[in-house]
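In case it helps, the numbering used here puts the sequence shown at residues 76 to 461.
Take a look at the structure set out below.
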Amino acid sequence: MPHYGDYQNLIYGAGLQGVVPRVPVDFATLEARATAAMPPQVLTYVQGGCGDEHTQRRNADAFHHWGMVPRMMVDARQRDLSIELFGCKLPSPLFMAPIGVTGICTQDGHGDLAAARASAMTGVPLCASTLSNDSLEDVKKACGDTPAFFQLYTPKDRDTAASLIGRAEAAGYAALVVTLDTWVTGWRPRDLNVANFPQLRGHVLSNYFVDPAFRKLLKQPPNENPAAAIATWGATFGKVLTWDDMVWLKAATKMPIVLKGICHPDDARRAVDAGADAIYCSNHGGRQANGGIAAIDMLPDVVAAAGSTPVLFDSGIRSGTDMVKALALGARAVGVGRPYSYGLALDGDAGCAHVLKCMLAEADLLMAVNGYPTVATVREAGAIRV
Ligand code: FNR
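Here's what the structure looks like:
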């Protein structure tokens, strides 16, 4: 049976022919290479966070104060990383978190399709952002047989919101991920210093510009008057959601609803009571509020409060080891964010797929060495705060 860890054999084998990986296998080198290669304004937007970026740094650093104890005399030659989520059997718990500028991470401006192809190549689901350069329908098609999730930034205009949801359902997305923490943009000094906000320059708005309900808000089509279309987008972006909106959301779709941005156990309980099908514990990678607590440190309480409702997690995942720690702390599925953007920037779909394969290989080999043959055994083993 092939294992994700076999990827290292391919790398070492290629090395015998003098071939080394085109894209680094570790995050530090990957980020350094992407920093050198990416256009400054795209890099700033991807790499930057809120305030002095304390929360963003803590998200990643906090993984170092969680540790796992290896177990011996366990036959972990066969590993099974598969999970069940939203009725789908997934080959691993890894997924790509929604990143709204994926489209401009590749030079051809079709990074969303490249990420989708990487998803098709690896079996790692893509959570496609509302903000994209290609339509949600085209992105879904490019995911091939791998299930995908659609992330919704809920427009203030109900008809546009309903239309986006309906389109996502018709396109075959397996879940609707509703982001709660971004009705307004957090204070991002790196972007402010260069006065750059990609959407205001017309980037990543395709899902709106092709949308029939959104187009009804316009006097002229977006290609004839892009400035007016962008202004209309700005005016309708970012509905403030409250618990009462769950009734409408639940009625608007048959897709499972995932609430993204839940970090407090009381909010997790409230979400379950309101009918959420999954909780997504995330602080948006420290881009929205510089609150100071790492997302991974908030995960255990959220998991306890969610009970049997699955909890997805992201924020600070930089390696396969981080991924396994998040599983040990109770996440059902784990989202990788910035690292896959860097893979896309360095080598398109292949670079993105490489980043995902490296994470899965490291996770798989950690499970092999630590005597955790399945995700259930990872969870049983747990992680200790050191
Ligand atoms: C994001 N994130 C995000 N989240 C979301 O729900 N919709 C979106 O469109 C975006 N866009 C976006 C753009 C960029 C450039 C980044 C880096 C992040 C947040 C994302 O889904 C995830 O929560 C974070 O990326 C996790 O943090 P790390 O691991 O990337 O640091």
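Glycine included, each C-beta is placed from N, C-alpha and C at the ideal position.
Computed from a prediction, not measured in an experiment: that's the story for all the values here.
Between residue i and residue j, what straight-line distance do the alpha-carbon atoms span, to the nearest angstrom?
i	j	result
Ala-190	Asn-445	31 Å
Thr-205	Leu-255	13 Å
Thr-396	Ala-349	34 Å
Lys-216	Met-76	29 Å
Tyr-415	Gly-426	8 Å
Ala-428	Pro-264	31 Å
Glu-106	His-278	23 Å
Val-399	Thr-221	22 Å
Leu-324	Cys-218	25 Å
Gln-83	Thr-311	47 Å
Helix or strand or just coil, what does DSSP make of residue i?
i	result
Tyr-355	strand
Phe-388	strand
Ile-240	helix
Cys-125	coil
Glu-159	strand
Lys-325	helix
Ala-398	Residue identity differs from the one stated: residue 398 is Met in this sequence, not Ala. Met-398: helix per DSSP, three-state reduction.
Cys-338	coil
Ser-207	strand
Phe-138	helix
Of the choices the options, whose alpha-carbon is the least far from that of residue i?
i	options	result
Met-321	Asn-300, Leu-251, Ala-288	Leu-251
Ala-304	Ala-326, Leu-275, Met-330	Leu-275
Arg-407	Val-377, Asp-101, Tyr-87	Val-377
Arg-242	Ala-327, Leu-374, Ala-137	Ala-327
Ser-157	Asn-365, Asp-150, Leu-165	Leu-165
Ala-351	Val-333, Thr-452, Leu-280	Val-333
Tyr-355	Asn-365, Gly-366, Pro-375	Pro-375
Arg-152	His-78, Gln-131, Thr-110	His-78
Ile-392	Val-347, Val-453, Met-196, Ala-438	Ala-438
For residue i, count the other beta carbons within 10 Å of its own beta carbon; 16 or more makes it buried, fewer makes it exposed. Which is it?
i	result
Leu-404	buried
Leu-227	buried
Ala-203	buried
Val-440	Checking the sequence, you will find Leu at residue 440 rather than Val. So Leu-440 counts as buried.
Ile-368	exposed
Ala-343	buried
Please list the terminal residues of the continuous alpha helix (DSSP H) segment that includes residue i.
i	result
Leu-267	264-268
Gly-423	413-445
Val-378	370-381
Thr-104	102-112
Met-171	Premise fails: Met-171 lies in the beta strand (DSSP E), 169-171, not in any alpha helix (DSSP H).
Ala-89	82-91
Would you give the residue range spanned by the beta strand (DSSP E) that residue i belongs to?
i	result
Thr-307	Run containing Thr-307: none in the beta strand (DSSP E); it sits in the alpha helix (DSSP H), 301-311.
Leu-251	250-254
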